[in-house]
Structures are given as structure tokens and as C-alpha cells.
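The structure under discussion appears below in the form of C-alpha cells.
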Amino acid sequence: MATASSSFSACTLGRAMPSPKAVNGSIDSMCCYPNLFSIQSSLKSISLSADITLPRGLSNDEEIRKFSRRERIQCGALDVETMPSFLKGNKFQFDDVIEAQQFERDTLSAIFEVAREMEKIEKKSPGSQILKGYLMATLFYEPSTRTRLSFESAMKRLGGEVLTTENAREFSSAAKGETLEDTIRTVEGYSDIIVMRHFESGAARRAAATASIPVINAGDGPGQHPTQALLDVYTIEREIGKLDGIKVGLVGDLANGRTVRSLAYLLSKYQNVKLYFVSPEVVKMKDDIKDYLTSKGVEWEESADLMEVASKCDVVYQTRIQKERFGGKTELYEEARGKYIVDHDVLGAMQKHAVIMHPLPRLDEITVDVDADPRAAYFRQAKNGLYIRMAVLKLLLVGW
Amino acid sequence: MATASSSFSACTLGRAMPSPKAVNGSIDSMCCYPNLFSIQSSLKSISLSADITLPRGLSNDEEIRKFSRRERIQCGALDVETMPSFLKGNKFQFDDVIEAQQFERDTLSAIFEVAREMEKIEKKSPGSQILKGYLMATLFYEPSTRTRLSFESAMKRLGGEVLTTENAREFSSAAKGETLEDTIRTVEGYSDIIVMRHFESGAARRAAATASIPVINAGDGPGQHPTQALLDVYTIEREIGKLDGIKVGLVGDLANGRTVRSLAYLLSKYQNVKLYFVSPEVVKMKDDIKDYLTSKGVEWEESADLMEVASKCDVVYQTRIQKERFGGKTELYEEARGKYIVDHDVLGAMQKHAVIMHPLPRLDEITVDVDADPRAAYFRQAKNGLYIRMAVLKLLLVGW
Amino acid sequence: MATASSSFSACTLGRAMPSPKAVNGSIDSMCCYPNLFSIQSSLKSISLSADITLPRGLSNDEEIRKFSRRERIQCGALDVETMPSFLKGNKFQFDDVIEAQQFERDTLSAIFEVAREMEKIEKKSPGSQILKGYLMATLFYEPSTRTRLSFESAMKRLGGEVLTTENAREFSSAAKGETLEDTIRTVEGYSDIIVMRHFESGAARRAAATASIPVINAGDGPGQHPTQALLDVYTIEREIGKLDGIKVGLVGDLANGRTVRSLAYLLSKYQNVKLYFVSPEVVKMKDDIKDYLTSKGVEWEESADLMEVASKCDVVYQTRIQKERFGGKTELYEEARGKYIVDHDVLGAMQKHAVIMHPLPRLDEITVDVDADPRAAYFRQAKNGLYIRMAVLKLLLVGW
């Protein structure tokens, strides 16, 4: 639906949870995420129609503001709680996890605390029973073994059970031809939570609008992959010890990677963050993010000198140049690919406390000899994905 | 093996359970289903050879009767129990669930009672442990994600565990070339019950004849899909409150759908049922079923007026016109497909207490605007599949 | 890596466990298997480089001896335990199960005792909780439904949980291009033990060298499939009651079957064993095994007379002629395939206590009429695979 270049939405989803910021009218907390459990309510259908027109790019601020204001009025009836509550036993503020933009700073912080608890639980044997009796359906319309295993491990580490399909496309294949909505209505009858991977941007939102059980977006095409965004921020906090005042170098394919775009967005919620963009010309960070960062007062600069950036940063976040984005232009791809490699020399330039991150899989944009250095944080980062997913599953199913 | 047009067998399978009707010599309870646990017994091998000649169509009643009589003699030794027993703790009357025709009215009623218990169990968290320690193998020779997830959910809701393969064809692929019987002998060593989906009519029966553990037929090609038949009847009883005296309109592809054929068969066990057949000329209900209904004293009529039928019926059972049955004749398919659509107008003609059912997936033979009406029962019907499968698993593994 | 014809390694892997034989300098216990848990230790990296040069064929004994001696020195520091300990509660002697050659006679015997316990556990309902809280990842780079289900059943019968992928190739597919080592580092974060099937000889060893959790080789191309080797020896002991002094006829494809090669190797550890090789000319047993058997004092002979061999043997081990090894030469294949069939006549020649084994799947190299004879042990053999895998999982995860 949305194209790769405009897959970024500034609208925070947050049902019944206007944070203090929302009162000030900032764009990132203006719309609310309807309680998907109350399918019958007319309120839901109204806000859903708004969802459809929700701008995924940031090119037209005026329209966003207009949308937000209109949405605000519609959501008025839901504004019962005026402060989020992260107290143990309370319900989670969201019915679904669809976009990185759902989360405010205080929510992120509370989620990260739960993730830390999860680290402790995972270490213990024979494992937790927190989600005993709960059934998760992994509804994958395209294979993503890494993401699937991570979610399924998270569920099982908490004592939950899993129904798996990587073959969900069969539901909507030519012969059968079922709509996503019908599939969701069927699968929600078999499970307590749906983790969905889809090839189409916006599919997770449609699923959540239909389902009466929680939906987690495990990547919808060029759109969103919110648990990846959460685990990235969580890893920085775990590795560096703080999020305010950090310097982060984003390296590689900054145009197509939803990872770095979401990360830049989420980091803008912290104080005195400085971002460096280091990328080949053809895959530079797009203006929507740059403008947004500027509007939020986040300092950023572009650089062609990876060594210099590495020497200044707390985090060097390397990414893979995605060959599939270059069509047949192999030459262009090869040139881009070889330009910024994190190797032993880059490591040498880095500070002692700094770390290297990567969303994985990597090809050769980080050389293998870097792996043994304690500053190579990417496998720890992958592991953090487990804790974040455990936390999100726990929160959606049993609350804080 | 059998072709699509003759996939209907009139022979009820029922080991050691001659219902009162059987005594009267009616065709639907004449053959008995051998105790598959006693593989060594010569009795088994005799009745198996009979199974192979079991007529799948109803075209030759004489032969059926001959077969039945012969079978009756062979089964004599097993006629120890003369009345079925549905008392809690008793063994289930069947070792396998292979065909809709296994079930008599009283057995259906007892199974539905168990399904109701299952509804209560499914609602409770953290879930039942009735099947704890049991292992189900879903042995799928072709993908059917909906059916597979439904069975796996059923097993897990009861505390059981699952081994999954949608890739069972690999066992018998060119390079490996194993017979179904060898595969079953291997898989039965790993599990306590086998749920099998196969592309060939009769495959489930062959599997059951080999296995020393229960086999459930989850669809064998154009043949049988007995849990679908059970859930359809169960849904009618749940929605309408009774099965005697109901009026049911069967709409759409009545020639190829095993669903409507099995449903018509099972409804013939109830009193004063009236069936209406509404279908495009090319996919009309076949004579074998019509003759069978007539022989059982069930009233039926064909109609081209969906609105009129809808106004009279308790249940409008819509089905998908199966494109794959039309070969290349797209025009014929398109014509058939558009002919009888259940839409808002049909809904308007229907009585207040009536319901619309559909085996799913649907294309556009029921319009989406119908979904919101409480009379749209098809997603509840899909959910009932879960309860029926829970019941069947429970019955086969631990009894009444 | 290694070719099919040289996939046999004489080097026993055994960390910190020099058996008495090792002291005598025999080639099968000279190298030691490094503790894969201590990834950081320099000792590990040294012995890994040795692993890479580990000869997989037996053509160059001199080199093996050289390697072994060098390795012996490096392993010296680990020689703390001088006697293996099979006492309940003790740690298993191995961190991984990669090759049949890891196991000495006393270890085999102790593993078989655990497998017997597993038989008892499997019979009980609702099943054991020995591995409750443990998570096994089945990482399959090619489908092998039989092996996968066997391992997954084993894990679940012991109360453990499973993460499944038959689609592991996706990790390393063109677009993603991840190394095996990176994949392992990711998957080890999600699970407690990895069962890996790969198309490349040596892949399991590479995985084990990377992983900080146990790895079980479930077949790596033409290389090894150690649990198959274990279950074969276990079956002989269970069926015949002893391993010393037995006569075994290996029939069929002796050139390509890793099964018969491993079996011959393991049987050389027992006293007074006699082997008969019965195979078509094109797929004869290779010289490396023959030379090895001779060097260990094992009697063997080749024969073209299956009937005569059958009359002398305790075990007739039939194998499938692998069509895929013949390229396009169908005629040659058909000739080889039809040459030695185990049928009712062969059965007639066999002694009363003797058994027929087969690794399955079979085509027609054993006729179906043999199945009913109690001497047909191949389905019991398949079932023994479950017990052996339960034992190996238990040993690697919780020890003796």
C-alpha cells in the first residue's frame, strides 16, 4: 500500500492514554488507538476510517495537524485515564503493537523494565509459567525464520504455547482467495494473540482493526517492525547505560532500512541526542526523518568519514545494503556495499565504552574479526529481541 | 481412488455398536468398523478386504445390501455390546474418525454434549490438562492451514502436544518413495494420535487400517472430512436449538462440495427435515444423495429462487463455487459464481431466528455487509470446529 | 566440503575422556573434543584449527597419527578425569553429538542403558518432565520429516519444548546471505540445544564449534548421522541380546550409505564380530572401511549369495539402492536395485532368532509380505530411534 519511501508515520497510537505531551499538541501523540475489543462501537468505525487516511510520510505537516485535531475530538470520549499507569497488575495501555510510534518515553522505559525482568526469568530453569494456558498464533505471510523463532521462543520461555504457520499465504492464494479480515476472524478463534508477518505495508493495522485479540506486527513489508525498534533502543540503554545525551552513528542503507528510520524516530524522544548519518549517496537518509528530527530539536549531521564518526559515537549502528533495492544495477550496489565497512580499523578508532550494533543478518559490512571484541554488541542485540518480545507478549496478555 | 462424483459412502462405520436401527437392516449401519488395535486378528484382515470393496457411491443399492449382509455376518463376533454407552469414563465407540457415516443420531447427540463441555473448558484459563502427556501428529500431505491450526489449537487447549508436518509428501516423494502404510508405521511410533490430510480419497481409511493408534481424517481429497460434517450439524443445533423439524437451504456448488453432501446425509437422521437445493445448473446436487434422502423419507426440493427459499428456511447454507472444478471454462464458472449471492436483500427476506452458514473460505458469495448481522453464523461455525475437534480428540484418547 | 567417498573419519571425539585404549595410542581415541562452552579459551581455537585438518578418510594413516599426536599434546591440559564416569547425576562426557566415532564401547553401553529407561518413560502417561523448561531448536537446512519428528517426539516425551524450522536455508539464502556461524549465534540465543540437519558434510562440526549450547548432528549431507548409528547398534543389542560374537550381513548400497559405514565402524569395537558384505558391483563397500576393519582384527568377507549369508547371520541389514547416486544411468540403477531383495525366501533361510533391519524408507528391497514376520525388526528399529534420541537429549541437557 504505502511505498517504501513513505512508510513512516508520525502518529503515535495510544488508546485512552493522552500523555502530558499530548496536551501540548505535539504531533506524536495526537491520535488515539481505539480499543479494538469493542468492535461493535460506532466510535471504533469512525476512528478506523481516520486510520485509513493516516499519513505515513511527514511531507504534509498541515494535514497531520488537521487529522490529529479531528481525531482528538473523536477520541475525547475515551480520555478517561489521564495518566498512564505502569503499576503491576494494571492493564497494558495498548491492545496491539503495530508501530514504533505508539510508544512514548515513559512507556518505553516501563517496557524496558519488564524486559529486564524477562532476562532474569529466561536464565531460570525450568522456566516461567506466566503465560501458561495462552496460545500464540504466528501467522506469517512470508518466511522470516529469525523473527518467528524469536517470538516463539519468547512465548515458550513464558510457558505459553504456539500455533505456527509460515504458509499463511495459502489462506489468500488464488484458489482460496480469502480476505485478510476473514483469515483473522478465523485465526482469532483458535488463539489468544496473533503475531503477524506480512508483505504489505498496513496489513498489521488492518488485522488489528478486525481482531478481537491482540495483534503484534512482526514486520509488514516496507512498513513497520516495532519490536525491532524496541529492541534497538533497549540494547542501547543496556549497553551504554543511558539514552539521554548519546551520540549514535547510523551507517549503511539509511534510505530503505525501516530499522534505522524507526530508531531515529524513537531516539528523538530523548534529550541531547546527536545522530550521524554515514551512507553511500544512493541510499541517504530521507528528508522526512531529517525534517522531523529538526522539528524535535535533535541535532544531526551527515558525514562521509566513518572513522571520525566512529571515534565520537557511543553507538555505531551498521546496516546491510539491501541488494534487492538496486534492481539490476549490480555495479551501483557493489559500489555502495563496499563503501563503509566496520572492520578492525574502525574498532580501533572507537571509544572503549562504545558498541557496534547491527539488526542482522550481516554480510560483510562488519568483518568477522570484529566479532571477538566485547564492543561487538550485535549478537547480544539479537538476544535482547527475545527479552523485548517476552515483555510485549506478557504486557498484551496479562498486563503490567 | 474414487472420483469426486462418487465420494459418498452410505455405510456407517461402527465397531461393536449396532444401534437399534441396525437390527432393522437399514443400509447405514450394516457394516462394522473393525477394532484397529487388534492388528493381528484374522477378523480384521477379513473385514479390511471388505472395506476395499466398500461402495463409495449410492448408485447400486443392491450391491450395498449384499455387502452389508456379508459384512454383518463377519461382524457378528464383535456384537457384544448391544447398546452404545455414553457414560463418562467409558471407551469411545470408535477407534478412528474416518467418515461422517460412522455416526448415528444418538452418538452425534453425545458428541455434541462433549463439545459443549469443551466450550466451557476453552473459555477458562490456564486451560485444561485433560490430554496432558498426549502427542498428536498432524500428518498433512497437502497444506490446509485452517484445518491444521484448528486441530492443533484443539489439542493444545486440552493440554496436549503436537508434532507438525505439512510436508508429509516428502515421505512418499520420488526419491524416497515410501508407501503410506510404512509412513504410518513410522509416525505411530512417535505419537498417540494421527490427524491426516491427504489428496487421495480413501487414504485415511488405509491409514486407519494400518495404525495401532487412532487416526482422524482431516480431509482426504474429494472423499471425506468428517469433523467438518460434525461441526456443521453442531452449529445448526447451537444456533437453531433443534435438529428435528428444521428447514435447510443448501446453496451454491452442491455437486462438488463434500460439505453439503455430508450435511444432507447426516440431517437425514433427524425427523421432519426439509432440504432446499439452490444451485446453478452445472453444479446441481447429484442423484445419489437425492435418492438416498427419498429412501429415508426426507423431503427435498430444488429451487431457483434464493429469496423465496431464504424466507422459509431456518438455515441458509451457502458454499463457494469451486473454480478448480471448471477446468479452463472460465465463462461457465463466472456465470455460476454470480448466480446466487447472499447479500443484504437475502438477509432481509430471512426470518429473525434463521442463520447463514458457510464452510469458509468465502469469496464474494456472501457480501461483506452481511457479516455484522447477528444471523451471520459462519465465524461462529468456524469456532465450533474447534470445540468439535476438542471433543473428538478427547473421545478417541480418553473416552467419554 | 568432504566428498561422499571420504566422509568417514576415524577420529573419536571425546573431551577430557581418554579411555584406557587412548593410552595405547589407537587411532580412534587420539583426538579430543574441546569443551565448546569455553569459547574464549585459546585452547579451543587451537584445537579447532586442528579440527579443520581432521582427515575424513582413512587413506593416509600416517597423517592421522601425526594429527593425533599433535592433538594429544594440546589436549593434555584437559586430561583431568582419566576415567569416564557414567554415574547418575554426572555430566555427560560430550558437549555435542557430531559423529558416531565419538563413542567408545563403554559409553555406548551406558547410553543404551539410558535408552532402556527411556522406553519405560515413553510408555507412561502423562509423560516425563525431565526436560521441562528446556527448548530444542530443530534447525533443518533440508527437509527430513522422519528424523525431525523423531527428535521432536523425543523432546516432547521428556516434557521439553521445540522450536521448528525446516526452512533454515532461508537464513543463508541469496538475499540474506548469512553464514552458518552467524545463524548459530542467533539461534543459540533462543534455545537450549540445537538439532541440525544440513546438506553439507562438516556443517554440524562447524555449528558445534560456534555454539555455546549443545549441537546434535541430525545428518550433514554425505557426512554423519550419529543418532542413526547409535540406534542401529542399540537395535541389534535389543533384538539379539548381545553385540560380541555376532554375525551381520550388510546388504545393498554399501558405497553410499553412511548408515552401513558407521555401523561397520561401531561394530569393530566388539569382540569376534563377523561382517558379510552383499552388494551389487557398482555400490560395493569401500576400501577405507575394509582396511579399518582389518586393522582392528574384525573378520569380513564379500559375498554374492544373499541366501547363504542370510542363513549364517544374526542380522541381515538391508539398505535402499540410492537412485540419486546413479545420475542418469537408469539401467545401471535398475539392475543394482533388483539384485538383492529380502523376501519370503530369504526369510525362510534365516535362523529363528535372527532379524532383518533397514534404516527406512524402503522401496521394494524388502517385500511387504516379510513385514508380518516377527523377525522383521525395521519398524521396531525406527521406534528405537525415539529412545536413543530421548537418551541423547537427556544426556546433553541434564547428564547421566
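Protein chains in written order, with our numbering: chain H, 2 to 401; chain G, 2 to 401; chain S, 2 to 401. Glycine is no exception: its CB is placed at the ideal position from the N, C-alpha and C atoms. Given the structure is predicted, the values throughout are model-derived calculations rather than measurements.
Bridge-paired residues (DSSP) for residue i
i, result
"I247/G", "According to DSSP, I247/G bridges with nothing at all."
"L140/H", "T166/H, M197/H"
"L276/S", "V249/S, W301/S"
"V316/S", "V249/S, V356/S"
"I367/S", "V343/S"
"V98/H", "I217/H"
Rounded C-alpha distance that separates residue i from residue j
i, j, result
"H354/H", "D372/H", "16 Å"
"E240/G", "A230/G", "16 Å"
"V369/S", "I342/S", "11 Å"
"V284/S", "L255/S", "6 Å"
"G246/S", "V393/G", "51 Å"
"L294/H", "L387/S", "58 Å"
"V234/H", "E167/G", "38 Å"
"R338/S", "F95/S", "39 Å"
"P223/S", "L264/S", "15 Å"
"S312/H", "Q352/H", "6 Å"
"P144/S", "T187/G", "16 Å"
"K125/H", "Y135/H", "20 Å"
"I185/G", "L140/G", "9 Å"
"R149/G", "E123/S", "25 Å"
Residue i versus the options, residue with shortest Cα-Cα distance
i, options, result
"S269/S", "I131/S, Y388/S, V249/S, L398/S", "V249/S"
"L396/H", "I217/H, L276/H, M197/H", "I217/H"
"G220/H", "A210/H, I214/H, E300/H, G203/H", "G203/H"
"A101/S", "E120/S, V261/S, G90/S", "V261/S"
"P215/G", "V196/G, G222/G, E201/G", "V196/G"
"S129/H", "E325/H, E118/H, D346/H, S86/H", "E118/H"
"F87/S", "A111/S, P375/S, V98/S", "A111/S"
"A210/S", "F200/S, P227/S, H226/S, E189/S", "E189/S"
Cβ of residue i within 8 Å of any chain G Cβ
i, result
"P186/H", "Note on residue identity: the sequence assigns Arg, not Pro, to residue 186/H. Closer than 8 Å to some Cβ of chain G, the Cβ of R186/H qualifies, so yes."
"A138/H", "yes"
"S192/S", "no"
"L150/H", "no"
"G178/H", "yes"
"L362/S", "A small correction: the amino acid at residue 362/S is Pro; Leu does not occupy that position in the sequence shown. Closer than 8 Å to some Cβ of chain G, the Cβ of P362/S qualifies, so yes."
Chain H within 8 Å of residue i, Cβ atoms only
i, result
"F380/G", "yes"
"D183/S", "yes"
"G258/G", "no"
"F172/S", "yes"
Boundaries (first-last residue) of the alpha helix (DSSP H) holding residue i
i, result
"F380/G", "379-399"
"D221/H", "Where D221/H is concerned, there is no enclosing alpha helix (DSSP H), although the beta strand (DSSP E) it sits in stretches over 216-221."
"M358/H", "Per DSSP, M358/H belongs to no alpha helix (DSSP H); it is in the beta strand (DSSP E), 356-358."
"Y334/H", "331-340"
"Q229/G", "227-241"
"I261/G", "Before going on, a small fix: residue 261/G reads as Val here, not Ile. Here the alpha helix (DSSP H) through V261/G covers 259-268."
"A350/H", "345-350"
"K1/H", "The structure shown does not extend to residue 1/H, since chain H is modelled only from 2 through 401, so no value can be given for it."
"E282/G", "Run containing E282/G: none; DSSP gives neither H nor E here."
"A155/S", "146-158"
Chain S contact for residue i (CB, 8 Å cutoff)
i, result
"D96/G", "no"
"K121/H", "no"
"E153/H", "yes"
"G220/G", "no"
"N168/G", "yes"
"R198/H", "no"
First through last residue of the beta strand (DSSP E) which encompasses residue i
i, result
"V310/G", "Looking at the DSSP string, V310/G is not in any beta strand (DSSP E); the run it does join, the alpha helix (DSSP H), is 307-313."
Residue i at chain A interface by Cβ criterion, 8 Å
i, result
"E240/G", "The displayed structure is made up of protein chains H, G and S, and chain A is not among them."
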